[in-house]
Amino acid sequence: MSRLLDAVYCVALLLLSPWLLWRRWRTGRYRHEMGDKLRGLSRDVPAGAVWFHGVSVGEIHVLRQLVGAFRKRHPERACVISATTDTGLAEARRCFPDLMVFAFPFDFTWAVERTLRCVRPSLIVLCESELWPNFIRTTKRMQIPLAVVNARMSPRSLGRYRLFGPAVRWLFGLLDLAAAQTAEYAANLLALGAAPGKVVVTGSIKYDGALTARDNPRTVALRDLFGVANGDLVWVAGSTLAPEEEIVLGIYRRAKEAHPGLRLFLVPRQPDRFDEVARLVERAGMPLARRSEMCAAKPQAERQVTCPPVVLVDTIGELSALWGLADVAFVGGSLDGRRGGQNMIEPAAFGAAVTFGPHVWNFKEPARRLVDVGGAYQASSAAELEEIVCRLLGDPSERRAAGRAARAFVLAQQGATERTLDLLDGLVVGRSQAERAA
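In terms of this note's numbering, the sequence shown opens at residue 1315 and continues consecutively.
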């Protein structure tokens, strides 16, 4: 089976290579650590480390919470971190400066085996996803416990996995632990073949990791950098994808007529689109500041005067703290029907009035529950989004009531980190006992 998969991967890579090369030239993606991804890791790694993996920035932020708590429980255990995307690797190195960070291997047999022999982990913890057959098969052959935490399995993903029939049941049956965010996700994992005794509903770690105090150091530093004064009305549009920036700019232009002091912070999801979004703002005739070009050395009073009302946050890893400036938040990836929404828990935790579009299947449960408690608003279209945003900007009482409801909801959901650690402890202890017996 492994050789068949390797052949399939090679053919796919060959067919996709022109597109990948064009993307590499056009966007700068696929340039970093390709040797380790293709051939496997070859660096020295602490023996018996616990290996935590997150695909990209969002998963790394979940691991920041989980790994920190794990290390407090198990200070004697070495930990290493991997990520798949370039942005994920950069964020992992920022979040875990004292830990080894490396690229997750492509699912070729040789790359997987070389990486596993190099790392020799006592436990592998995958965050949310990244279930590759060669990797899982090799992990089990080497008798390494494998856990998926903060696991998701949306109806859309369920349908895709089911296309592969018995092979998928075999794959999911190899998991030693699947700690699911919701009962629905747990049921979907069971339907795909995960063993009943190894699927547990723990809740979402994202609730635990979300900042809730607007006076935290990172948010205060951004407030100072951008010259946001007390009483300023702030709209943050985060994790946006095309055409959401254009929609947001149109709403902002019209809303500014009623609220001249309104400030907009735009945070595109994809770094390779930063320049494209900057040109979009400039074509709209709006003064623009780019976060990457702003200097914190100027006095605060000068920054308040000179900072334009539209700021493009063209940096990685600052959105989670930036939500703390928002009176109204728009969570992107939710209007176009392709992405399935982004994390609305972070702005909700700060007490912002949260808005998003109709397509939020990646965050179906928190989106539904936030709407139910009055902490968020789901727009069915761009026109309805404009109506909701303008109403919230003009009604401080409704805006603040929504923010209080959102924050209270997030606080009530916390505790998934500890529940997940309790489950991981069982795998850590079991592995230690097996090693001593050997």
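Note that beta-carbon positions come from the ideal geometry of N, C-alpha and C, so glycine has one too.
With a Cβ-Cβ cutoff of 8 Å, do S1625 and F1579 count as a contact?
For the sequence presented, residue 1625 should be read as Val rather than Ser. Their beta carbons are under 8 Å apart, which means V1625 touches F1579 by this criterion.
Does the separation of the CB atoms of P1661 and Q1692 fall below 8 Å?
no
Helix or strand or just coil, what does DSSP make of T1533?
helix
Stretch pair the region 1500–1516 + the region 1354–1372: three plus CB contacts closer than 8 Å:
no
Close Cβ partners of R1470 (< 6 Å) along its chain, the five nearest in sequence each way excluded:
W1675
Between the C-alpha atoms of I1832 and G1523, what's the straight-line distance to the nearest angstrom?
A query on residue 1832 cannot be resolved here, the shown segment of the chain reaching from 1315 to 1752 and no further.
Between which two residues does the beta strand (DSSP E) containing S1368 stretch?
Checking the sequence shown, residue 1368 turns out to be Gly, not Ser. It spans V1364 to G1368 - the beta strand (DSSP E) in which G1368 sits, taken as one unbroken run.
Look at the alpha carbon of D1628 and the alpha carbon of P1480, and state the distance between them as a whole number of angstroms.
44 Å
Cα-Cα separation between R1617 and W1365, rounded to whole angstroms:
With a pLDDT of only 49 at R1617, under the threshold of 50, the placement of this residue in the model should not be trusted, and no figure is reported.
In chain order, which continuous runs of the alpha helix (DSSP H) of length 4 or greater are located wholly inside the region 1590–1661?
1614–1620 and 1633–1636
Locate the alpha helix (DSSP H) running through F1416, then write down its first and last residues.
Unbroken run through F1416 is the beta strand (DSSP E), M1414 to A1417; no alpha helix (DSSP H).
Given a cut-off of 8 Å, decide if L1504 and R1483 are closer than it, judged by their beta-carbon atoms.
no
Spatial distance of D1739 from F1486 (CA atoms)
21 Å
Please determine, among R1587, R1733 and L1319, the residue with the shortest C-alpha to C-alpha distance to I1450.
L1319
Nearest-angstrom Cα distance between Y1475 and M1467?
10 Å
Under 6 Å Cβ to Cβ from R1604, same chain only, skipping five residues before and after it: list those, please.
L1626 and D1628
Within a Cβ cutoff of 7 Å, which residues of the same chain sit near C1409, ignoring the five residues on either side of it in sequence?
I1374 and R1378
Start and end of the beta strand (DSSP E) containing Q1692?
A1690 to Q1692
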